[in-house]
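Participant: These protein sequences, in sequence, are chains W and F. Position in the first sequence (first residue = 1) + 7 = the numbering used here. Position in the second sequence (first residue = 1) + 508 = the numbering used here. Each residue gets a CB set at the ideal place from its N, CA and C atoms; glycine is no exception. Because the structure is a prediction, the values reported are computed rather than measured.
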Amino acid sequence: MNSNYPNRPPVALKGAEVAAGIDIVGLTKRYLTPKGETFTAIRDVTLRVEPGEFCAIVGPTGCGKSTTLAQVSGLERPSTGSVRVHDQLVDGITDGVSYMFQADALFPWKTVLGNVLIGPVLRGTPKKEATLLARDWLRRVGLAGFEDRYPHQLSGGMRKRVAMAAALINNPRILLMDEPFGALDVQTKAIMQNELLALWEELRPSVLFITHDLDEAVALADKVVIMTSSPGTIKDVFEIDLPRPRGDVQKIRHEERFLELQGQIWESLKDEVTRAYARTSGAAA
Amino acid sequence: MTTLTHSETRKSEQPVETETAIKNLGRTKARRRNASIWIGRAVLAVVVVGGWQWFTTVGWVDKFFFGQPSQIWDALIKLFTEGTAFGSIWENLWVTAQEAFLGFFLGTFVGVVLGILLGSNRYLSEVVGPYIRIVNSIPRIVLGSIFIVAFGLGTFPKILLAAVLVFFVVFFNAFQGVREVDQNLVANVRVLGASPFQVAMNVTIPSAMTWIIASLHTAFGFAIIGALVAEVLGAQKGIGLIISQAQGTFDPDTVFACMVIIAVVTLAAEYLIGLLEHRLLKWRPPNRSEAQTI
Chain W
8 MNSNYPNRPP
18 VALKGAEVAA
28 GIDIVGLTKR
38 YLTPKGETFT
48 AIRDVTLRVE
58 PGEFCAIVGP
68 TGCGKSTTLA
78 QVSGLERPST
88 GSVRVHDQLV
98 DGITDGVSYM
108 FQADALFPWK
118 TVLGNVLIGP
128 VLRGTPKKEA
138 TLLARDWLRR
148 VGLAGFEDRY
158 PHQLSGGMRK
168 RVAMAAALIN
178 NPRILLMDEP
188 FGALDVQTKA
198 IMQNELLALW
208 EELRPSVLFI
218 THDLDEAVAL
228 ADKVVIMTSS
238 PGTIKDVFEI
248 DLPRPRGDVQ
258 KIRHEERFLE
268 LQGQIWESLK
278 DEVTRAYART
288 SGAAA
Chain F
509 MTTLTHSETR
519 KSEQPVETET
529 AIKNLGRTKA
539 RRRNASIWIG
549 RAVLAVVVVG
559 GWQWFTTVGW
569 VDKFFFGQPS
579 QIWDALIKLF
589 TEGTAFGSIW
599 ENLWVTAQEA
609 FLGFFLGTFV
619 GVVLGILLGS
629 NRYLSEVVGP
639 YIRIVNSIPR
649 IVLGSIFIVA
659 FGLGTFPKIL
669 LAAVLVFFVV
679 FFNAFQGVRE
689 VDQNLVANVR
699 VLGASPFQVA
709 MNVTIPSAMT
719 WIIASLHTAF
729 GFAIIGALVA
739 EVLGAQKGIG
749 LIISQAQGTF
759 DPDTVFACMV
769 IIAVVTLAAE
779 YLIGLLEHRL
789 LKWRPPNRSE
799 AQTI
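1. Let me know the alpha helix (DSSP H) ranges lying completely inside the region 536-616 of chain F, each 4 residues or longer, listed in chain order.
2. Between the region 109-132 of chain W and chain F, which residues of the former have CB atoms less than 7 Å from a CB of the latter, in chain order?
3. Interface residues of chain F around residue 104 of chain W at Cβ under 8 Å?
4. Between residue 108 of chain W and residue 238 of chain W, which are expected to be in contact by the criterion C-beta below 8 Å, what is the C-beta distance as a whole number of angstroms?
5. For residue 559 of chain F, tell me which candidate among F:578, F:664, F:545 and F:542 has the shortest Cα-Cα distance.
6. Residue 695 of chain F and residue 82 of chain W look like a contact to me (Cβ under 8 Å); what is the Cβ gap, rounded to whole Å?
7. How would you list, in chain order, the residues of chain F whose beta-carbon sits under 8 Å from the beta-carbon of residue 82 of chain W?
8. Kindly list the residues whose CB is nearer than 8 Å to the CB of residue 805 of chain F, restricted to its own chain and excluding five residues on each side of it in sequence; keep chain order.
9. Do you know whose CA, among W:177, W:172 and W:97, lies nearest residue 131 of chain W's CA?
10. For the structure I just gave you, are there three or more beta carbon pairs, one from the region 639-646 of chain F and one from the region 581-593 of chain F, closer than 8 Å?
11. Using the Cα positions of residue 254 of chain W and residue 48 of chain W, report the straight-line distance between them to the nearest angstrom.
12. Thinking C-alpha only, which one of F:698, F:724 and F:732 is nearest residue 101 of chain W?
13. I'd like to know whether the C-beta of residue 219 of chain W is nearer than 7 Å to at least one C-beta of chain F.
14. Specify, as a first and last residue, the run of the beta strand (DSSP E) that residue 217 of chain W falls within.
15. 7 Å is my cut-off, CB to CB: does residue 159 of chain W come that close to chain F?
16. Provide the residue span of the beta strand (DSSP E) that contains residue 128 of chain W, from first to last.
17. Looking at the unbroken beta strand (DSSP E) that takes in residue 183 of chain W, where does it start and where does it end?
18. Please list, in chain order, the residues of the region 703-723 of chain F that have any C-beta partner in chain W closer than 8 Å.
19. I'd like the ranges of any beta strand (DSSP E) spanning at least 3 consecutive residues and lying wholly in the region 16-73 of chain W.
20. With H, G and I counted as helix, E and B as strand and the rest as coil, what does DSSP make of residue 745 of chain F?
21. Taking the C-alpha atoms as reference points, what is the distance between residue 169 of chain W and residue 182 of chain W?
22. Under 7 Å between the Cβ atoms of residue 229 of chain W and residue 217 of chain W?
23. Distance, Cα to Cα, residue 752 of chain F vs residue 680 of chain F?
24. Pull up the distance between the alpha-carbon of residue 633 of chain F and that of residue 732 of chain F, whole angstroms please.
25. What does residue 692 of chain F touch in chain W if you count any residue whose Cβ is under 8 Å from its own?
26. Could you say which of W:243, W:262 and W:208 lies nearest to residue 273 of chain W if we only look at CA atoms?
27. Answer yes if the region 671-680 of chain F comes into contact with the region 608-621 of chain F, meaning at least three C-beta pairs across the two stretches below 8 Å, and no otherwise.
28. What are the start and end residues of the alpha helix (DSSP H) that includes residue 645 of chain F?
29. Look up residue 75 of chain W in the DSSP assignment and say whether it is helix, strand or coil.
30. Just curious, the alpha helix (DSSP H) that residue 769 of chain F is in, first and last residue?
31. For residue 793 of chain F and chain W, any beta-carbon pair shorter than 7 Å?
32. Of all Cβ atoms in chain W, is any one closer than 7 Å to the Cβ of residue 612 of chain F?
33. Tell me the DSSP secondary structure of residue 712 of chain F in three-state form.
34. Whole angstroms are fine: how far does the CA of residue 554 of chain F sit from the CA of residue 566 of chain F?
35. Relative to the C-alpha of residue 279 of chain W, which residue among W:257, W:79, W:115 and W:68 is closest?
36. Can the beta-carbon of residue 51 of chain W be found less than 7 Å from the beta-carbon of residue 71 of chain W?
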């Protein structure tokens with residue numbers, strides 16, 4: 008797959024910027040339930056992501072990982088605390104952010120090309136230029152020749168590639184990924200992880216990557232953050248000192264340092280997972 | 509597997525023959541299945557229409573009340589050759605069709621606009637929601653009487669009644685369609701910097717389109733019903749007037765003949781809506797059950 012996009016500089020885009028650091032300080036988010044009660048999703052989260060850093064967030068279900076991403080993107084406003092991107096307070100939609108969801112958020116009524124095109128078009132790039140750019144990106148993710156297909160005609164892995172091209176075409180400063188490969192089978196997942204790493208090493212945006220998969224977190228990230236559940240807070244932060252470029256994620260899994268780090272993180276995560284499980288199963292009983 | 513068949517193909521001609529034979533067999537089977545469906549359809553039509561003709565001829569069913577296919581055919585011929593007491597059948601049909609189509613477009617337009625507006629505004633939808641449910645539960649067809657009293661015997665009250673009936677069908681579908689929009693898609697374009705208008709154009713409306721188009725089939729039926737009922741209630745021209753006239757002279761054959769004419773118009777409109785649906789929703793995966801029956 009790598010032969011499809013030889014190492015070449017990213018297509019320059021007007022307003023393309025360098026990766027931005029993310030500063031989250033004392034972030035708390037409460038929601039109002041329909042019954043009028045307040046529900047604290049995350050409490051006092053403080054986290055710094057360096058420019059160009061790949062940061063994975065791991066934690067039990069419902070610990071507010073997605074809520075954290077929503078605050079960074081500016082889709083939601085924090086109840087207290089602040090988020091700064093590139094030393095600017097997030098107030099409204101953050102500039103230069105791309106989102107990638109678990110469900111491939113592709114427009115089923117647009118062709119593959121149309122799906123990738125929309126990013127630059129919404130930014131005001133002329134249609135012709137945007138089309139060229141989109142074609143180039145589809146080629147880079149190995150989907151040349153599929154421009155006129157509709158998403159339902161593609162396999163799960165191909166749809167992910169389209170979503171990846173759509174997320175990266177604007178050359179984002181920050182890439183927010185909410186369990187992007189969660190629904191893929193194991194083989195496809197490994198392929199997509201490799202492709203993501205290759206593209207990331209080329210563009211180097213700052214990444215916040217939510218996952219349940221500890222192996223995935225360690226293999227991809229520079230930093231793994233463990234979150235605890237209800238309300239979500241940060242429990243531990245692990246620096247992953249595996250050398251870059253990482254190479255094949257399948258191979259790195261057998262390295263000694265990988266296993267060591269993975270073991271440490273699992274120790275920290277284990278209590279949280281069992282606690283969260285006990286709580287949900289206790290509530291159900 | 510495949511390499512095996514390939515090598516065999518090269519060795520002897522036999523597998524090629526079987527392959528074409530299999531293909532032919534499949535084709536014959538499909539053709540035979542198709543033919544049997546059409547034969548079944550023809551038999552069903554003959555049984556129903558022939559049975560009707562037979563029963564009324566023998567006298568088991570009174571043709572004075574229930575008409576007779578042959579007489580309905582005669583009434584149809586008469587409608588088209590001799591015309592009616594209110595001018596030619598074409599003239600009357602044109603009036604009714606005009607009322608139905610205008611009512612259909614008016615109702616659809618208002619229904620789509622209000623449905624999308626209310627569907628995308630939670631506060632508004634919660635304020636207006638119960639009232640819409642109340643209005644939906646009243647028998648709206650009765651509004652025809654009020655429209656005729658208020659606006660006279662012209663075409664306007666007919667258009668209005670047709671539009672009211674159409675509106676609710678389309679409105680509820682558009683409303684539901686907007687609420688079913690994938691929030692991930694909305695978040696996605698918002699992060700990309702889309703304005704509320706761009707969100708509507710790129711996400712909300714295309715996504716609600718499936719629901720809206722689905723409602724149009726039913727909606728056109730309602731437009732015809734609205735126009736006809738309003739004409740029966742009081743009109744100077746139109747198929748509904750011919751129907752109510754025929755009712756007054758105990759002439760069920762003409763009533764049935766009018767039903768046939770309207771059915772043809774509705775089928776033609778359905779076909780057009782089907783074409784529109786195909787065009788607008790070509791991105792949808794093909795329906796599996798459809799693929800099997802064809």
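Facilitator: Straight from the coordinates:
1. 571-574 and 577-589
2. 110, 112, 114, 115, 116, 125, 126, 129 and 130
3. Counting from 1 along the first sequence, the entry for residue 104 of chain W is found at position 97. Chain F residues near residue 104 of chain W: 699.
4. As a first step, residue 108 of chain W must be located in the first sequence, where it is residue number 101. As a first step, residue 238 of chain W must be located in the first sequence, where it is residue number 231. Wrong, their Cβ atoms sit about 23 Å apart, outside the cutoff.
5. To locate residue 559 of chain F, count along the second sequence from 1; it is residue 51. Closest option to residue 559 of chain F, Cα to Cα, is F:578.
6. Your numbering for residue 695 of chain F matches position 187 in the second sequence. Your numbering for residue 82 of chain W matches position 75 in the first sequence. Between residue 82 of chain W and residue 695 of chain F the Cβ distance is about 6 Å, and since that is below 8 Å, they are a contact.
7. Stepping through the first sequence from its first residue, residue 82 of chain W is reached at position 75. Simply 695, 698 and 699.
8. In this structure chain F extends from 509 to 802, so residue 805 of chain F is not present and cannot be described.
9. Position 124 of the first sequence, counted from the start, is the residue given in the question as residue 131 of chain W. For residue 131 of chain W, the nearest C-alpha among the options comes from W:177.
10. no
11. Counted from its first residue, the first sequence places residue 254 of chain W at position 247. Counted from its first residue, the first sequence places residue 48 of chain W at position 41. Distance between the alpha carbons of residue 254 of chain W and residue 48 of chain W: 36 Å.
12. Taking the first residue of the first sequence as 1, we reach residue 101 of chain W at position 94. For residue 101 of chain W, the nearest C-alpha among the options comes from F:698.
13. Working through the first sequence from its first residue, we reach residue 219 of chain W at position 212. It does not: the Cβ of residue 219 of chain W has no partner Cβ on chain F nearer than 7 Å.
14. Against the first sequence, residue 217 of chain W aligns to sequence position 210. Segment 213-218, the beta strand (DSSP E) holding residue 217 of chain W.
15. The residue given as residue 159 of chain W occupies position 152 in the first sequence. True, the Cβ-Cβ gap to chain F drops below 7 Å.
16. Translated into positions along the first sequence, residue 128 of chain W becomes position 121. Premise fails: residue 128 of chain W lies in the alpha helix (DSSP H), 119-129, not in any beta strand (DSSP E).
17. Locating residue 183 of chain W in the first sequence gives position 176, where the first residue counts as 1. Its beta strand (DSSP E) spans residues 181-185.
18. 706, 710, 711, 714, 715 and 717
19. 29-39, 45-56 and 61-65
20. Residue 745 of chain F sits at position 237 when you count from the first residue of the second sequence. Coil at residue 745 of chain F, not helix or strand.
21. Here residue 169 of chain W refers to the residue found at position 162 of the first sequence. Here residue 182 of chain W refers to the residue found at position 175 of the first sequence. Whole-angstrom Cα-Cα distance: 15 Å.
22. As a first step, residue 229 of chain W must be located in the first sequence, where it is residue number 222. As a first step, residue 217 of chain W must be located in the first sequence, where it is residue number 210. It is not a contact, given that the beta carbons lie outside the stated cut-off.
23. Position 244 of the second sequence, counted from the first residue, corresponds to residue 752 of chain F. Position 172 of the second sequence, counted from the first residue, corresponds to residue 680 of chain F. Going from the Cα of residue 752 of chain F to the Cα of residue 680 of chain F covers about 32 Å.
24. Your numbering for residue 633 of chain F matches position 125 in the second sequence. Your numbering for residue 732 of chain F matches position 224 in the second sequence. When rounded, the distance between both Cα atoms is 29 Å.
25. Within the second sequence, the letter at position 184 stands for residue 692 of chain F. Ordered by position in chain W, the residues that pass the 8 Å Cβ test against residue 692 of chain F are 108, 110 and 112.
26. Stepping through the first sequence from its first residue, residue 273 of chain W is reached at position 266. Of W:243, W:262 and W:208, the residue nearest in Cα terms is W:243.
27. yes
28. Along the second sequence, one-based indexing puts residue 645 of chain F at 137. Looking at the DSSP string, the run of the alpha helix (DSSP H) that includes residue 645 of chain F is 630-645.
29. The residue you call residue 75 of chain W lines up with position 68 of the first sequence. Note: residue 75 of chain W maps to helix in three-state DSSP.
30. One-based indexing of the second sequence puts residue 769 of chain F at position 261. Where residue 769 of chain F is concerned, the enclosing alpha helix (DSSP H) stretches over 760-788.
31. Stepping through the second sequence from its first residue, residue 793 of chain F is reached at position 285. At least one chain W Cβ lies under 7 Å of residue 793 of chain F.
32. Numbered from its first residue, the second sequence carries residue 612 of chain F at position 104. Judged by the 7 Å Cβ criterion, residue 612 of chain F is not in contact with chain W.
33. Taking the first residue of the second sequence as 1, we reach residue 712 of chain F at position 204. Residue 712 of chain F falls in the helix class under three-state DSSP.
34. Sequence index remark: in the second sequence, residue 566 of chain F carries index 58 (1-based). Sequence index remark: in the second sequence, residue 554 of chain F carries index 46 (1-based). So the two alpha carbons sit approximately 17 Å from each other.
35. In the first sequence, the residue the question calls residue 279 of chain W occupies position 272. Measuring from the Cα of residue 279 of chain W, the nearest candidate turns out to be W:68.
36. Counted from its first residue, the first sequence places residue 51 of chain W at position 44. Counted from its first residue, the first sequence places residue 71 of chain W at position 64. Not in contact: residue 51 of chain W and residue 71 of chain W (Cβ atoms no closer than 7 Å).
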